[in-house]
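Engineer: One structure coming up, written as structure tokens, with questions to follow.
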Amino acid sequence: MNKKSRPINVGIGDLLGFAWPVTAIASIAHRIAGVVLFVGIGFALFALEMSLADEQGFNGLKGLIVSPLGKFITWGLLAALAYHLVAGIKHLIMDAGVGETLKGGVIAARVTIFLAAALIVLAAIWVIRG
Amino acid sequence: MVTQVTSMSRSGVSDWVIQRITAVVLAAYTLCIFGYLIMHPDLTYAEWSAFFHNTGIRIFTMLALVSTCAHAWVGMWTVGSDYLQEHTLGKKAASLRIVYQITCILMVLTYLIWGINILWGN
């Protein structure tokens, strides 16, 4: 095969030229959420360390989480986790051979986005109520 | 065949399996922790500390930590390999990719050591 005609992965510069079916949106969102969570692990470990250190640390962390910025970061990481978890379960179900058709993929992507959106709203309520 | 020396297990098939096994562990751990937090809305330090002193929870947390590190390595490697390429970044792609991969690997190992220290350090 000629080098120019080889299939390639999607490049950042090509993005606007592509159609974005719901399956593609569900897929790229899974990746973006994964990268966000990779950075988020640092926040999670920081929070775990502080919360387990002593009573003062535990209460200090509570104070950080209820601040506006703390609430936003907490909600953002919960949102990424919710989406990544739901999309991951979709992956495992499809790996098991369920819904491996174009129609099945579209339905699975829609259900993923719907369920994740519901969880993200619930996470917002949970975080705002403290 | 070129062996991918920076991928987690040096084998795509093995990475694929690792990604799924760790995903199941992480899904179970996520449900466990959030289930606990939702059932304890007025959580105190004493309760939280006792929860993490439980050997079962410590082992489960350790499993989740190791799973997180493996899962993140496979995932970040895959994302980097897909997008940090010549057709997106030009000739510098290979060097940028190795810098990205080494950064990811060092972050993964830092998270692992930090997590072990939090769990078993005291």
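Respectively, the protein sequence lines represent chains A and B.
Heads up: take any position in the first sequence, counting from 1, add 67, and you land on my numbering.
Heads up: take any position in the second sequence, counting from 1, add 6, and you land on my numbering.
Backbone N, C-alpha and C define an ideal beta-carbon position, used for all residues, glycine too.
Given methionine 68 of chain A, which residues of its chain have a CB within under 8 Å of its CB, disregarding the five upstream and five downstream residues?
Structural biologist: Low local confidence applies: a pLDDT of 48 at methionine 68 of chain A is under 50, so the model's placement there is unreliable, with the coordinate-based value given in what follows. None.
Engineer: Do you know offhand how far tyrosine 150 of chain A's Cα is from isoleucine 180 of chain A's?
Structural biologist: Rounded to the nearest angstrom, the two C-alpha atoms are 8 Å apart.
Engineer: Considering Cα atoms alone, identify which of A:Ile187, A:Thr90, A:His97 and A:Gly197 is closest to alanine 231 of chain A.
Structural biologist: Outside the shown range of chain A, which is 68 to 197, sits residue 231 of chain A, and nothing can be said about it.
Engineer: Under the three-state reduction of DSSP, which class applies to leucine 90 of chain B: helix, strand or coil?
Structural biologist: The answer is coil: DSSP assigns leucine 90 of chain B none of H, G, I, E or B.
Engineer: Should arginine 64 of chain B be flagged as near chain A, meaning a C-beta pair shorter than 8 Å?
Structural biologist: By this cut-off, arginine 64 of chain B is not an interface position.
Engineer: Counting contacts by CB-CB distance shorter than 8 Å, is leucine 182 of chain A in contact with chain B?
Structural biologist: Chain B, which has no Cβ nearer than 8 Å to the Cβ of leucine 182 of chain A, makes this no.
Engineer: Expressed to the nearest angstrom, what Euclidean distance is found between the alpha-carbon atoms of threonine 84 of chain B and alanine 176 of chain A?
Structural biologist: Going from the Cα of threonine 84 of chain B to the Cα of alanine 176 of chain A covers about 21 Å.
Engineer: Do the CB positions of valine 102 of chain A and threonine 141 of chain A come within less than 8 Å of each other?
Structural biologist: No, the pair does not count as a contact, with Cβ atoms beyond the cut-off.
Engineer: Measure from the C-beta of serine 134 of chain A to each C-beta in chain B and report whether the shortest distance is under 8 Å.
Structural biologist: Cβ-Cβ to chain B under 8 Å: no for serine 134 of chain A.
Engineer: What separation, rounded to the nearest whole angstrom, lies between the Cα atoms of leucine 69 of chain B and glycine 84 of chain A?
Structural biologist: Their backbone Cα atoms lie some 43 Å apart in a straight line.
Engineer: Are the segment 84-102 of chain B and the segment 107-122 of chain A touching by the rule of at least three beta carbon pairs closer than 8 Å?
Structural biologist: With the cut-off at 8 Å, the segment 84-102 of chain B and the segment 107-122 of chain A do not touch.
Engineer: Name the chain B residues whose beta carbon is nearer than 9 Å to that of leucine 131 of chain A?
Structural biologist: Those within 9 Å of leucine 131 of chain A in chain B number zero; the least Cβ separation is about 15 Å.
Engineer: Mind pulling the chain B residues with CB within less than 7 Å of phenylalanine 125 of chain A?
Structural biologist: What phenylalanine 125 of chain A touches in chain B: Tyr51 and Trp54.
Engineer: Listing by chain order, which chain A residues have their CB less than 8 Å from the CB of tyrosine 117 of chain B?
Structural biologist: Under the 8 Å cutoff, chain A gives Ile108, Gly109 and Leu112.
Engineer: Measuring alpha carbon to alpha carbon, tell me which residue in A:Leu148, A:Lys138 and A:Phe113 is nearest isoleucine 192 of chain A.
Structural biologist: That would be A:Lys138, whose Cα lies nearest to the Cα of isoleucine 192 of chain A.
Engineer: Return the Cβ separation of phenylalanine 58 of chain B and tyrosine 35 of chain B in integer angstroms, given the expectation that the two are a contact with Cβ distance under 8 Å.
Structural biologist: Contact doesn't hold; Cβ gap of about 13 Å is too wide.
Engineer: Using Cβ-Cβ distances below 7 Å, what residues of the segment 29-47 of chain B are close to chain A?
Structural biologist: From the segment 29-47 of chain B, only Ala29, Ala33 and Thr36 have a Cβ closer than 7 Å to chain A.
Engineer: Quick one: which chain B residues come within Cβ less than 9 Å of valine 102 of chain A?
Structural biologist: Under the 9 Å cutoff, chain B gives Gly81, Met82 and Val85.
Engineer: Closer than 8 Å, CB to CB, is serine 118 of chain A near chain B or not?
Structural biologist: Yes - at least one Cβ of chain B is within 8 Å of the one on serine 118 of chain A.
Engineer: Who are the neighbours of threonine 109 of chain B on chain A, taking C-beta pairs under 9 Å?
Structural biologist: Those do not exist, as threonine 109 of chain B stays about 11 Å from chain A at its closest Cβ, beyond 9 Å.
Engineer: State the Cα-Cα distance for the pair isoleucine 160 of chain A and glutamine 123 of chain A, rounded to the nearest angstrom.
Structural biologist: Using only the alpha carbons, I get a separation of about 44 Å.
Engineer: Under 6 Å Cβ to Cβ from serine 73 of chain B, same chain only, skipping five residues before and after it: list those, please.
Structural biologist: Cβ within range, chain order: Thr28, Val31 and Leu32.
Engineer: Does any C-beta atom of chain A lie closer than 8 Å to the C-beta of tryptophan 126 of chain B?
Structural biologist: So no, tryptophan 126 of chain B is outside the interface.
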